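Following: one structure in C-alpha cells, then a few remarks.
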Amino acid sequence: MKNLVVLRGGMSAKDRKTANTVLNVPDDERLILATGRYIGEGFDDARLDTLFLTMPIAWKGTLAQYVGRLHSQHDGKKDVLVVDYVDNTVPVLARMGAKRRAGYRALGYVLE
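Numbering (the numbering used here), first residue to last: 262 to 373.
Dropping the structure here:
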C-alpha cells in the first residue's frame, strides 16, 4: 500500500505532519488505520468509502458516527462498504455484534 496512514493518540508532531501530508494527496488511494477515538469525532475525508470495524462497540450513536464518515459526497464514489468483524465465540462480543446489526438496519444498511 503506497499511502498508508496510521492515526492514534500519542503521535509525535513529526508523525502527525507526515500523516497529514499523505492524507492531503488528492484523489489517490489510501489506507487509514486509526483508533476510534482519534478518527471518531472531527475527522472528515469525503474520499472514504470502506470501513473495517474491528473493535467492539455497541452504542448506536458511536456506530452512526463511524459509518457516517463514509457518506460524504465525492466524485466517483457510488457505494460504501462496512466490514464488521464479530467474535461470536465470546458471548459479550456476540451481544455487541447483535446490537450493531440492529443499528445498521436502523441506519438503512443492507446486511449480507
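Note that the Cβ used here is the ideal one computed from N, Cα and C, for glycine as well. Computed from a prediction, not measured in an experiment: that's the story for all the values here.
Item: Reduced DSSP category for I293 - H, G, I as helix; E, B as strand; rest coil; Value: strand
Item: Identified DSSP bridge partners for F313; Value: V344
Item: Reduced DSSP category for L284 - H, G, I as helix; E, B as strand; rest coil; Value: helix
Item: Cα-Cα separation, R330 to T350; Value: 29 Å
Item: Reduced DSSP secondary structure (H/G/I, E/B, other) of V351; Value: coil
Item: Segment limits, beta strand (DSSP E) that includes V266; Value: L265 to L268
Item: Cβ separation of V283 and R291, assumed to be a contact under 8 Å, to the nearest whole Å; Value: 7 Å
Item: Residue interval of the alpha helix (DSSP H) (run including V371); Value: Counting along the chain, V371 falls outside any alpha helix (DSSP H), and DSSP gives it neither H nor E.
Item: Sequence-distant residues of its chain with Cβ nearer than 8 Å to A367 (five each side left out); Value: K321
Item: Enclosing alpha helix (DSSP H) for K321 [first to last residue]; Value: K321 to G329
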